[in-house]
Every structure is written in C-alpha cells, then in structure tokens.
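Counting from 1, position 237 in the first sequence corresponds to residue 237 in the UniProt record's numbering; the numbering is continuous, with no gaps.
We treat Cβ as the ideally placed atom computed from N, Cα and C, and that holds for glycine.
Here is the structure we will look at.
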Amino acid sequence: MGRSPCCEKAHTNKGAWTKEEDQRLIAYIRAHGEGCWRSLPKAAGLLRCGKSCRLRWMNYLRPDLKRGNFTDDEDELIIRLHSLLGNKWSLIAGQLPGRTDNEIKNYWNTHIKRKLLARGIDPQTHRALLGGNAASSGDGAPRNKSTRPAPPHPTAVPAKATSAIFAVTKPPPVPDRDSSDYDGGRSSSGGGTTTSTGEPRCPDLNLDLSVGPTPSSPPAETPTSQRPVCLCYHLGFRGGEACSCQADSSGPHEFTYFRPLERGQYI
DNA sequence: AACCGTCTCAACCGCTCATGT
DNA sequence: TACATGAGCGGTTGAGACGGT
Numbered sequence: 001m002g003r004s005p006c007c008e009k010a011h012t013n014k015g016a017w018t019k020e021e022d023q024r025l026i027a028y029i030r031a032h033g034e035g036c037w038r039s040l041p042k043a044a045g046l047l048r049c050g051k052s053c054r055l056r057w058m059n060y061l062r063p064d065l066k067r068g069n070f071t072d073d074e075d076e077l078i079i080r081l082h083s084l085l086g087n088k089w090s091l092i093a094g095q096l097p098g099r100t101d102n103e104i105k106n107y108w109n110t111h112i113k114r115k116l117l118a119r120g121i122d123p124q125t126h127r128a129l130l131g132g133n134a135a136s137s138g139d140g141a142p143r144n145k146s147t148r149p150a151p152p153h154p155t156a157v158p159a160k161a162t163s164a165i166f167a168v169t170k171p172p173p174v175p176d177r178d179s180s181d182y183d184g185g186r187s188s189s190g191g192g193t194t195t196s197t198g199e200p201r202c203p204d205l206n207l208d209l210s211v212g213p214t215p216s217s218p219p220a221e222t223p224t225s226q227r228p229v230c231l232c233y234h235l236g237f238r239g240g241e242a243c244s245c246q247a248d249s250s251g252p253h254e255f256t257y258f259r260p261l262e263r264g265q266y267i
C-alpha cells in the first residue's frame, strides 16, 4: 500500500540461516554494534533483509540469551504477566532475562495455554472456564488457520495506550552497544530488563501506570490515585525477593502497591 | 521400516509506532 | 504539520523433529 518493501526481495535469501550467515552477522555486530538494520545486511555482506538480520540476532544469536527449558517459576511469571498485559510479548519478555518475545510467544502457544486449560482457566481471559464451551475461545488449536486473533484482553492495557501507560522506569542509558540489552529506546528485549551481567532488574517492573507523559517533575504530594504502581508487589515479589521499588521510593516516585495475588488467584 | 499425524520453533509478513526532515 | 523512513511488534506459517501404529 504505497510502501516500499523493506528490502529488495529478489536478491535476498530466505528460510533457515546457515552457519556462515550466522558467523557473518555475529562478526559484524561484534565489530560495529547493532546499527542500522536496514543497511546492515549489505555492510555485512549478507543477502538478507534487515528485518531478518534483526530477528536472527534478537532471537537466536544474542550472547545473553538463555537457552533451554522454561522453569516453573518462569512459567508462573509468564502467566501472571500475561494476565496483566495480554499478548504484549515484548513487555513480558522484558521481565524474563535471557528470553525473547518470540520464544515466550511460542512457549505460550505450545505449552502454557494447554497448562491453563488443564487447570480449567481460560488462557485469554485468565478466568475459570465455564462449562465445556470455553475451550473454544482461542484455545490450544493454534494450527487452525481459521483461528481469528484473540479479542482484546479484558485486563490488558489497550495496545495504543501501552506506551503512554507503561512508561517503564529506565536505568541510565548505557552507551556500550556491546551490552545486548541496548535497544535504542524501545525494544523487545524489554527496556533494559537485564544488566549486562544478566542480572534481573526488577525496577523495570516499575511500570508507571499514570496516564499521560512520564512524570518528570518532582511529585509534590502525588495523590495516591496518580502514583506509579509497583507491579512487583502485585506479582508477589515485593519485599526483597526481587523488587527494589520500595528502595526507589526515595526517588521521584512514591509507589502505590497492588495487593499481591494469592495462590491460585489470577486476574 | 515405513507411514502418518502432531508438535515445536525459527522465520516471515504485515502492520503500527517512533523519529527525522 | 505532513510525509518518509526505519525499527519493532504480534500473528502466522512451514519445515523438521518426534512419537505412535
């Protein structure tokens, strides 16, 4: 629709990446960082579309990726985050160091949906399934080509509002492009969820739920209803486990805490 | 061993959003 | 302000792996 293709498709490879292509991409990014994806393939001598290079790097080649099975804790965290955020895979991935949005999305579709259904929970709404027909609401039949996109998540933030509402409290910018969580400002790797050492950074759960511009001026007696919300607490992490929001409350935000979820409780 | 159905996950596609001019 | 461009996101696809018969 009037938009030029992202690359000259006639001269690009498609399908699985070869080892040689991987090596070229890795070598190029090591030498030059993740610059302009559009021009990267040519510069790196790859017959690939820039998007394809980015995807390959983000989902497979990044050195900080955690390969292997998801742990039960990760399962539960994904479920809880999904109940809050809906299909915002990049946001969810941002809370799981070393995991990619694509990986989580696949894992959700292949494992967690089924797990929730087995628990009698609708994977889209996170509510108890009613009777026998609830499984029809976009359940574990991802291969059905007639499957329509799931309806908007009842508890999720509307897609358009995400950027305004979830103004993630970011750490200071790190100029080092080697640190693979660099994302140029908005990325699937999650607004800097991990440190360069791979440590989880719970402060990134300090999602600012206030509508409108990210608060930048000092809050003079911020009304409770307008305070940022600490989701760590809601997710059951407050109090030293992984959340440092409380410590951050000396900063510009004074957090409002959601009551934590109880065992077996979903939103 | 061969066939077939199912599952998994890397990759693609089309769209939206952010940014620059 | 409007438009162009590039980056990123989420849904979908398809090849290969796997398990059952």
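| request: Would you tell me roughly how many angstroms separate the C-alpha atoms of Lys66 and Ala16, rounded to the nearest one? | output: 21 Å
| query | Would you call the region 95-104 and the region 58-65 in contact, with 3 or more CB pairs under 8 Å? | reply | Output reads yes: the region 58-65 touches the region 95-104.
| said: By the three-class DSSP mapping on this structure, what secondary structure does Ala128 have? | reply: strand
| request: Could you work out which residue in Leu96, Trp37 and Ser52 is closest to Leu81 when comparing CA atoms only? | output: The residue among Leu96, Trp37 and Ser52 with its C-alpha nearest the C-alpha of Leu81 is Leu96.
| said: Can you tell me where the alpha helix (DSSP H) holding Ile29 begins and where it ends? | reply: Lys19 to His32
| query | Residues in its own chain within less than 6 Å of Arg54 by CB, not counting five upstream and five downstream? | reply | Trp37
| query | Any idea which residues DSSP pairs Ile121 with across the strands? | reply | Ala128
| query | So, helix, strand or coil for Arg54, using DSSP? | reply | Here DSSP, grouped into helix, strand and coil, assigns Arg54 to helix.
| message | Which of the three DSSP states is assigned to Trp89 in this structure? | response | helix
| said: Taking contact to mean 3 or more Cβ pairs, one atom from each stretch, closer than 8 Å, check whether the region 79-93 and the region 36-50 are in contact. | reply: no
| Can you tell me whether DSSP reads Asp64 as helix, strand or coil? | coil
| request: Could you check what DSSP says for Pro97 in three-state terms: helix, strand or coil? | output: For Pro97, the three-state secondary structure derived from DSSP is coil.
| query | Cβ atoms of Ile92 and Ile112: under 8 Å apart, would you say? | reply | Cβ distance not < 8 Å, so Ile112 and Ile92 don't count as in contact.
| task | Rounded to whole angstroms, what's the CA-CA distance from Thr18 to Glu74? Just pull it up for me. | result | 31 Å
| Between Arg119 and the rest of its own chain, which residues show a CB-CB distance below 8 Å, the 5 nearest in sequence each way excluded? | none
| Alpha carbon to alpha carbon, how far is Thr110 from Tyr28? | 34 Å
| Can you list, in chain order, the residues of its chain whose CB lies under 6 Å from that of Ala31, leaving out five sequence neighbours each side? | none
| task | Pick helix, strand or coil for Ala16, following the three-state DSSP scheme. | result | Secondary structure of Ala16 (DSSP, three-state): coil.
| query | Looking at the unbroken alpha helix (DSSP H) that takes in Leu40, where does it start and where does it end? | reply | Unbroken alpha helix (DSSP H) run through Leu40: Leu40 to Ala44.
| field | Secondary structure of Thr71, DSSP reduced to three states | value | coil
| Taking just the CA atoms, how far does Asp122 sit from Gln23? | 43 Å
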